[in-house]
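Asks:
Residue numbers (UniProt numbering), protein chains in the order written: chain A, 1 to 615; chain B, 1 to 615.
#1: Which same chain residues end up closer than 7 angstroms to residue 384/A when comparing Cβ atoms and leaving out the 5 residues on each side of it in sequence?
#2: Keeping to the same chain, check which residues put their C-beta closer than 7 angstroms to that of residue 202/A; ignore five residues upstream and five downstream.
#3: Can you find at least 3 beta carbon pairs, one from the region 21-32 of chain B and one from the region 246-263 of chain B, that sit closer than 8 angstroms?
#4: State the start and end residues of the unbroken beta strand (DSSP E) segment that holds residue 141/A.
#5: Out of curiosity, what's the CA-to-CA distance linking residue 570/A and residue 564/A?
#6: Between the Cα of residue 49/A and those of 234/A, 146/A, 330/A, 60/A, spot the shortest distance and give me the residue it belongs to.
#7: At a Cβ threshold of 9 angstroms, is residue 613/B touching chain A?
#8: On the DSSP letters alone, give me the boundaries of the beta strand (DSSP E) that residue 161/B sits inside.
#9: Which residues in chain A sit within 8 angstroms of residue 332/B, going by Cβ to Cβ distance?
#10: From this set, 462/B, 443/B, 303/B, which residue's C-alpha is nearest residue 418/B's C-alpha?
#11: Helix, strand or coil for residue 496/A? Go by DSSP, reduced to three states.
#12: Sort out for me which residues DSSP pairs residue 374/A with in a bridge.
#13: Given that residue 440/B touches chain A, what residues does it touch there, using C-beta distances under 7 angstroms?
#14: Verify whether the separation of the beta carbon atoms of residue 433/B and residue 525/B is less than 9 angstroms.
#15: Specify the secondary structure class of residue 259/A as computed by DSSP and reduced to three states.
#16: With a threshold of 8 angstroms, are at least 3 pairs of Cβ atoms found where one atom belongs to the region 146-160 of chain B and the other to the region 174-190 of chain B?
#17: For the beta strand (DSSP E) containing residue 571/A, list its first residue and its last residue.
#18: Just to confirm my understanding: we take residue 312/A, look at its own chain, exclude 5 residues before and 5 after, and list those with CB closer than 8 angstroms. What are they?
#19: Sort 436/B, 172/B, 493/B, 399/B by Cα distance to residue 372/B and report the nearest one.
#20: Among residues of its own chain, excluding the 5 on either side of residue 136/B, which ones have a beta-carbon nearer than 7 angstroms to its beta-carbon?
#21: Which word fits residue 408/A, buried or exposed, when buried means at least 16 other C-beta atoms lie within 10 angstroms of its C-beta?
#22: Using a threshold of 9 angstroms, state whether the C-beta atoms of residue 73/A and residue 107/A are closer than that.
#23: Considering only the beta carbon of each residue, do residue 551/B and residue 579/B sit closer than 9 angstroms?
#24: Hey, quick one: how far does the beta strand (DSSP E) through residue 433/A stretch, first residue to last?
#25: Is the Cβ of residue 543/B closer than 9 angstroms to any Cβ of chain A?
#26: Taking one C-beta from the region 93-102 of chain B and one from the region 577-591 of chain A each time, how about it: are there three or more such pairs within less than 8 angstroms?
#27: Output yes or no for whether 9 angstroms exceeds the beta carbon distance between residue 378/A and residue 360/A.
#28: I'd like to know if the region 462-478 of chain A and the region 291-310 of chain A are in contact, where contact means that at least 3 CB-CB pairs between them fall below 8 angstroms.
#29: Nearest chain A C-beta to residue 573/B closer than 9 angstroms, yes or no?
#30: Which full runs of the alpha helix (DSSP H) of 4+ residues lie inside the region 456-529 of chain A, going along the chain?
#31: Between residue 207/B and residue 196/A, what straight-line distance do the alpha-carbon atoms span, to the nearest angstrom?
#32: Would you identify the three-state DSSP class for residue 111/B, choosing helix, strand or coil?
#33: Could you pull out every unbroken alpha helix (DSSP H) segment of at least 4 residues lying fully inside the region 15-62 of chain A, listed in chain order?
#34: Look up residue 183/A in the DSSP assignment and say whether it is helix, strand or coil.
#35: What is the DSSP secondary structure of residue 295/B, counted as helix, strand or coil?
#36: Which chain A residues sit within Cβ distance under 7 angstroms of residue 105/B?
Structure (structure tokens):
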């Protein structure tokens with residue numbers, strides 16, 4: 001296209017953004033207008049994308065990190081001919097896939113955006129997949145706002161991208177100088193962004209973001225850059241092209257006050273159609289999925305192994321039969337035991353250093369490229385990536401997470417290192433599965449099941465060695481549980497998971513010596529929970545006691561309670577959980593102080609049984 | 001001290017770190033040894049701190065961001081004469097305040113560390129307090145490891161500190177080039193750190209971190225720097241001074257293999273006592289707490305106001321009578337309505353831009369300096385700061401948080417902007433209080449109560465206007481609830497909070513027309529929950545139905561269930577919650593699609609009542 005046509009296309013995108021927001025009576029037209037020329041040149045001259053085949057492996061990826069500028073994205077789709085005028089005007093309406101912020105309900109959207117600062121880290125994940133896994137020359141284009149450059153996650157990604165020399169990653173920064181509530185910190189100081197990005201090793205280009213020739217040249221330069229990612233830092237006007245709102249405060253996130261006049265000022269409605277360049281048919285080099293049984297290690301019943309050890313070994317074994325499995329580490333692979341995967345499959349191991357947001361974002365990006373990432377760090381530090389996990393659910397990205405060092409049982413390191421809130425966080429994630437093994441063979445089997453999960457999976461592992469209870473050929477279906485002790489004389493059911501299963505078994509022995517019989521359930525699947533078996537236990541015994549190395553809120557106690565939240569008569573419930581702030585102590589002391597060790601369980605049961613007798 | 005003495009002191013700190021870890025048989029001596037000289041010079045020549053008066057307002061603050069190097073901190077305390085040899089050797093033992101990672105159980109520790117990348121953002125909060133609130137010349141010293149420089153939160157803080165010209169903030173980076181599992185990205189490339197920090201506007205000094213004269217000069221230069229923060233970037237050896245571990249991989253987080261030989265190599269046990277300089281007696285200029293009644297706005301019953309509006313107004317009013325109240329914004333003050341506070345009290349309003357980790361960290365830092373910060377952003381985006389909130393609880397920092405734009409009721413913006421997991425996150429925080437008002441007058445009163453909370457408080461506010469139900473003089477104690485409809489004929493109790501209270505009332509009207517009577521409870525205090533009133537409702541009606549604009553896990557349904565987790569016979573429970581992934585739609589459509597609007601509630605009650613009749 002000639003520059004004049006590119007400018008026309010830019011105006012069309014603006015008009016369409018204004019129209020969409022006007023039809024919706026909400027949305028962010030001014031944030032779309034600033035980036036319209038940046039989008040127009042990208043679509044017309046640089047993006048290689050087969051809109052008929054969004055799953056074409058050679059397609060470039062476009063991530064609108066400033067997701068609130070969705071009207072621009074949808075205007076680009078109209079220009080590409082994949083949505084029509086009627087659909088454009090369904091923006092933000094009930095049932096329309098043209099949501100307020102983009103989601104994968106549209107086939108051309110790989111990942112949901114709208115929580116700022118996530119597009120670049122996810123783009124890093126995609127570019128890593130392109131460079132190291134797909135080995136295809138597709139480019140990843142990320143369009144960011146300037147406000148979101150304040151997010152720390154951006155700088156995790158900036159460092160990572162430069163370190164990995166992701167030269168097929170281009171960041172476009174739409175520096176319109178106005179945030180939601182007023183000017184940004186840096187205003188139009190493009191140098192400020194360039195200095196910072198440059199200091200991390202990026203190639204940077206500063207341009208006038210409304211000069212289509214300059215934009216074109218910058219994208220060309222970005223495409224040619226080798227060995228490092230490029231940032232195109234563009235000075236733009238929010239609301240560009242409509243005098244009433246052009247570079248004015250007070251017009252964020254609302255339709256234009258006079259849309260008809262604005263459309264006229266922008267030159268009226270156009271219907272320029274861009275024939276977007278398609279990618280070359282790629283030579284696929286992706287590792288095929290090897291067939292065969294997974295040769296996970298087998299652990300001898302009665303031995304002692306930490307579930308984190310079993311996780312690492314099982315993941316490595318899984319990787320041997322599935323070429324799509326990748327592991328992502330937050331510089332704790334020696335602790336989470338993803339190091340075992342690194343040793344077996346170094347080409348599919350991604351080190352994110354201590355940057356948990358990038359850790360999860362890398363997994364999301366690789367998942368969007370068809371891989372099955374397992375990302376692992378301490379359970380406590382997964383909270384650092386909570387917003388990324390939440391958004392991964394919106395992105396329908398079935399990443400698998402492992403949080404190690406669960407609970408007070410880690411011992412001396414103290415509360416900063418203890419995962420005590422992770423089950424609550426992960427249960428709440430939409431469509432998630434939460435697994436918490438107590439044994440090495442169970443862990444191995446659950447890792448295999450995680451590879452089949454449709455949504456986000458979470459495995460909670462423990463630091464210390466624990467007895468192996470189950471044989472290596474036993475299965476542990478997701479949504480199941482195991483009844484470990486059961487008799488007709490059971491008075492109380494004790495439900496544990498992970499370390500508390502072993503404490504419950506010890507308590508059962510203590511109580512058996514007093515002729516008090518309890519049922520013991522291993523609730524290895526915390527979500528979904530085995531409501532049927534819990535109901536049987538509720539029918540057979542007087543009370544269910546949950547015991548968990550986790551805060552009392554949101555964990556196993558809540559999961560069990562939820563199983564009875566269907567209007568049926570409920571069993572009596574008691575929950576033992578970590579209600580204090582732990583300090584340093586040995587694992588055994590920790591469990592005792594928290595009141596979740598065998599002695600505490602036995603004491604609780606004695607009390608409950610006593611009450612029953614009195615009643 | 002002469003350089004020779006400083007070197008001796010450094011060796012003493014090393015020896016003590018080795019001894020402490022050996023006594024504990026765990027801990028991080030090598031990470032302590034790299035920073036020993038940096039610590040020695042700071043304590044001997046630059047820190048101004050009255051160890052007898054940790055609350056002295058003029059004290060410098062020292063934050064050990066690399067909290068795993070706690071043996072170094074405790075060795076410094078021994079050198080300062082505030083702990084003795086016996087206490088040093090209680091390191092990591094049950095009952096000792098010398099925990100694996102520092103916590104405020106020690107009077108000289110302001111905030112807990114151990115989750116990396118948090119010390120600098122919290123230090124920014126303290127330095128902001130010093131500069132803008134206390135107006136005292138104390139310095140904030142933050143000692144970071146090099147690994148943690150990969151955390152995005154560090155760069156949020158770096159930008160913030162430079163922008164605010166925090167020249168009394170000094171970052172010391174202990175570049176020992178070895179992380180937990182191997183070399184860091186940058187190794188000993190001090191320039192890499194200096195370039196980045198410099199690009200953000202910091203003054204940087206690169207030194208040999210074992211040259212006490214160079215360290216001394218660098219601290220001197222940092223102290224003299226004006227208008228910008230200073231980073232002292234120090235090349236060090238992990239395990240410095242003991243050949244077996246000096247700059248060697250594989251010795252992270254474990255005691256030295258041959259402690260006695262190491263101590264000998266380090267020159268043996270010493271007992272150098274540092275007479276730490278005390279700060280000058282400051283001229284206190286802190287705003288006194290004004291007395292008087294809080295003149296919160298009063299809302300007319302029957303009117304309509306959004307709870308976020310009421311929050312902003314109430315916070316501004318609170319600020320008028322309490323000079324210690326500050327507000328912290330994540331560039332959404334126009335949406336959360338902290339803008340009202342900004343207008344009334346601009347000197348106590350802190351803009352963090354879109355950097356939610358820094359938002360919460362600033363609050364923690366100011367809380368540690370005695371202020372009462374209210375930090376607000378969208379409820380959804382508070383998940384970005386989950387790890388900081390978790391650690392704030394370990395720090396015993398009673399910060400107050402407000403999350404706006406709760407639930408699907410926000411309407412068209414879609415799931416990325418909806419707080420649907422926030423109650424679960426906040427309930428799980430140790431010692432937290434979770435409040436969720438449905439009405440403007442209630443909001444105003446709850447904000448007043450938040451100012452009295454001992455721990456972390458959370459207020460969940462709503463975007464849209466809602467009817468005012470309560471008079472302006474009614475009180476809403478924390479831990480209470482309100483029974484809004486009640487009669488002897490009640491069949492079912494419907495429990496809502498926020499927007500669902502209004503839906504429940506509408507459902508009650510619909511059902512009353514069919515002569516089905518329900519009790520309606522406004523559960524504005526989600527944690528602690530009013531177990532007594534819930535028990536009364538359970539006794540009086542056949543079933544409790546919770547209705548919440550939140551995920552089914554960890555929210556109001558779980559909070560109500562927990563009230564019955566004491567072994568008593570339980571009521572029948574049903575929970576209505578957001579079980580789907582919302583898209584764009586109007587608020588009314590959203591509530592309907594999620595099954596939490598009046599119609600859905602009425603339908604659920606009819607079903608339950610029908611079942612009861614059949615039974």
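A virtual CB, placed ideally from N, CA and C, is assigned to each residue, including glycine. No experiment lies behind these values; they were computed from the predicted model shown.
Replies: Once the coordinates are examined:
#1: Position 384 of the first chain, counting from 1, holds the residue named residue 384/A. Here the set comprises 356, 357.
#2: On the first chain, residue 202/A is found 202 positions in, with the first residue counted as 1. Result list for residue 202/A: 158, 162, 228, 229, 230, 231, in chain order.
#3: yes
#4: Taking the first residue of the first chain as position 1, residue 141/A is located at position 141. Counting along the chain, the beta strand (DSSP E) containing residue 141/A begins and ends at 140-145.
#5: Taking the first residue of the first chain as position 1, residue 570/A is located at position 570. Taking the first residue of the first chain as position 1, residue 564/A is located at position 564. Rounded to the nearest angstrom, the two C-alpha atoms are 6 angstroms apart.
#6: Sequence index remark: in the first chain, residue 49/A carries index 49 (1-based). Closest option to residue 49/A, Cα to Cα, is 60/A.
#7: In the second chain, residue 613/B corresponds to position 613, counting from 1. Low per-residue confidence applies at residue 613/B: pLDDT is 43, beneath 50, and the placement is therefore not dependable, though the value from the model is reported in the following sentence. It does not; no Cβ of chain A falls within 9 angstroms.
#8: Your numbering for residue 161/B matches position 161 in the second chain. Not the beta strand (DSSP E): residue 161/B falls in the alpha helix (DSSP H), residues 152-163.
#9: Here residue 332/B refers to the residue found at position 332 when the second chain is read from its first residue. The answer, in chain order, is 180, 181.
#10: Mapped onto the second chain, residue 418/B falls at position 418. Nearest option by C-alpha distance: 462/B.
#11: In the first chain, residue 496/A corresponds to position 496, counting from 1. Looking at residue 496/A - three-state DSSP - the assignment turns out to be strand.
#12: Counted from its first residue, the first chain places residue 374/A at position 374. DSSP lists 327/A, 400/A as partners of residue 374/A.
#13: Looking up residue 440/B in the second chain gives position 440. Neighbours of residue 440/B on chain A: none; closest Cβ ~22 angstroms, over 7 angstroms.
#14: Here the question's residue 433/B lines up with position 433 in the second chain. Here the question's residue 525/B lines up with position 525 in the second chain. The answer is yes: Cβ separation under 9 angstroms.
#15: As a working mapping, residue 259/A is identified with position 259 in the first chain. Here residue 259/A sits in helix by DSSP.
#16: yes
#17: Taking the first chain and counting its residues from 1, one reaches residue 571/A at position 571. Here residue 571/A belongs to no beta strand (DSSP E), and DSSP marks it neither H nor E.
#18: Within the first chain, residue 312/A is the residue found at index 312, counting from 1. Only 336, 337, 338, 339, 340, 341 meet the Cβ criterion.
#19: Indexing the second chain from 1 puts residue 372/B at position 372. When only C-alpha atoms are compared, the closest one is 399/B.
#20: Indexing the second chain from 1 puts residue 136/B at position 136. Taken in chain order, the residues that qualify are 57, 58, 130, 282.
#21: If you number the first chain from 1, residue 408/A lands on position 408. Residue 408/A should be labelled buried.
#22: On the first chain, residue 73/A is found 73 positions in, with the first residue counted as 1. On the first chain, residue 107/A is found 107 positions in, with the first residue counted as 1. For residue 73/A and residue 107/A, no; Cβs fall outside 9 angstroms.
#23: By 1-based counting over the second chain, the position of residue 551/B is 551. By 1-based counting over the second chain, the position of residue 579/B is 579. Cβ distance < 9 angstroms, so residue 551/B and residue 579/B count as in contact.
#24: The residue you call residue 433/A lines up with position 433 of the first chain. Looking at the DSSP string, the run of the beta strand (DSSP E) that includes residue 433/A is 433-435.
#25: Numbered from 1 along the second chain, position 543 holds the residue referred to as residue 543/B. Output row for residue 543/B: interface = yes.
#26: yes
#27: Your numbering for residue 378/A matches position 378 in the first chain. Your numbering for residue 360/A matches position 360 in the first chain. Contact: no.
#28: yes
#29: Here the question's residue 573/B lines up with position 573 in the second chain. Yes - at least one Cβ of chain A is within 9 angstroms of the one on residue 573/B.
#30: 499-512
#31: On the second chain, residue 207/B is found 207 positions in, with the first residue counted as 1. On the first chain, residue 196/A is found 196 positions in, with the first residue counted as 1. Taking the straight line joining both Cα atoms gives about 22 angstroms.
#32: Residue mapping note: residue 111/B aligns to position 111 of the second chain, counting from 1. The answer is coil: DSSP assigns residue 111/B none of H, G, I, E or B.
#33: 29-34, 36-41
#34: As a working note, residue 183/A is residue 183 in the first chain. Residue 183/A falls in the strand class under three-state DSSP.
#35: Numbered from 1 along the second chain, position 295 holds the residue referred to as residue 295/B. Coil at residue 295/B, not helix or strand.
#36: Translated into positions along the second chain, residue 105/B becomes position 105. By Cβ distance, chain A contributes 583.
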